[in-house]
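**Student:** Shown below is the structure under consideration.
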Amino acid sequence: MSGIGPFPIQVVTVIAAVLLAWLTARIVGRRTPDVSYKAAGSMILDAVFWGLLTARLAYIAQWWEEYSATPRSMIAIGDGGFVWWVGVLVVVAYIWRRTRSAQILRVPVMAGVMVGVAAWALAGGVLALLLRAAPPLPDLQLATLDEHPVSLSEYAGRPIVLNLWASWCPPCRREMPVFEQAQTDFPDVAFVLVNQGESAQQAQAFLESEGLSLTDVLLDPASEAMRTMNSRGLPTTLFFDAQGRQVDMHLGEITMPSLKDKMLRRFDLSSGSGAEK
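For this note's numbering, count along the sequence shown from 1 and bump the result up by 1206.
So, in structure tokens, the structure goes:
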């Protein structure tokens, strides 16, 4: 499952966890004498804001070299770039500080935090199990830009980053330079960009107009890859290990920090394969 509507499933789980934390704080606050349940709920939202902000800033600091090269990507929070443990610590510290003079609020608010974190962790575990059950790299019959037939299974045996894209898709166009750079930085990884629903002439014209040099661009005029991989939209990026098992996925535009982060966490890359940060 890649997402719900246009939203990646990881974003949906975070929103659900925050909502559950807010509801829990209000419910416990209602049942606690002399506590404003509205104040408890409001404090949860304030704490989440500061937690998300610091988690994002920590991630940017971790990948500063990549972000400084493309500053616009710092605001592309859809790529999932957060250091979550930093955010959780800030949430707890913020609540603890805010409730020093109103400790009666601490119980409902901290109860909300614990329920929200537990729900988020549980959802993460379920998503990991679902990912392990995802189908392996499919044996799709595609074509090269010069329209020679090629099977997707021919790339098996090394890690694969599989990107589904189209030239009419703005986020697809924006992320293409990321894959161009990554294929140089990670020569032991196959970056396979499968065009969806367009002709060889359309795909080639786009690549030439943008001055892109990509080694593995394939054609899928019937968009079979989207159906086979249950993609809900473009772009979609899927990560397969050397055994052909799907180990991660990303719905929407991906930035260089997020791409490198996922590869270093999911693939067994040697230092000679561009693995050093």
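The beta-carbon is built from N, C-alpha and C at its ideal position, and this holds for glycine as well.
Near L1424, what residues of its chain come up, given a Cβ to Cβ distance below 6 angstroms and the 5 sequence neighbours on each side ignored?
**Tutor:** Within the same chain, L1424 has close Cβ partners L1348, V1400.
**Student:** When the Cα atoms are used, what is the spatial distance from Q1389 to R1338?
**Tutor:** 26 angstroms
**Student:** When you compare only the Cα positions, how much space is there between L1346 and N1436?
**Tutor:** 14 angstroms
**Student:** G1211 by DSSP, collapsed to three states: which one?
**Tutor:** Unreliable placement is indicated for G1211, whose pLDDT of 49 sits below 50; the coordinate value is still reported in the next sentence. Coil, per DSSP.
**Student:** Enumerated in chain order, which unbroken segments of the beta strand (DSSP E) with a length of 3 residues or greater are wholly contained in the stretch 1443–1474?
**Tutor:** 1452–1457
**Student:** Count the other CB atoms within 10 Å of the CB of F1445; is the residue buried (16 or more) or exposed (fewer)?
**Tutor:** F1445 should be labelled buried.
**Student:** Helix, strand or coil, according to DSSP, for L1425 in the structure here?
**Tutor:** strand
**Student:** Is G1331 buried or exposed, if buried means 16 or more other CB atoms sit within 10 Å of its CB?
**Tutor:** Counting C-beta atoms within 10 angstroms of its own C-beta, G1331 has fewer than 16 neighbours from the protein chains shown and is therefore classed as exposed.
**Student:** Is the distance from the Cβ of P1427 to the Cβ of N1369 below 8 angstroms?
**Tutor:** no
**Student:** With a cut-off of 8 angstroms on the beta carbons, I'd call E1459 and P1377 a contact; round off their distance for me.
**Tutor:** 4 angstroms
**Student:** Comparing alpha-carbon positions, which option in T1260, R1237, G1284 lies nearest S1464?
**Tutor:** Among T1260, R1237, G1284, the Cα nearest to that of S1464 belongs to G1284.
**Student:** Under 8 angstroms Cβ to Cβ from V1220, same chain only, skipping five residues before and after it: list those, please.
**Tutor:** W1326
**Student:** Less than 8 angstroms between the beta carbons of S1429 and Q1402, yes or no?
**Tutor:** If you check the CB distance, S1429 and Q1402 come in under 8 angstroms.
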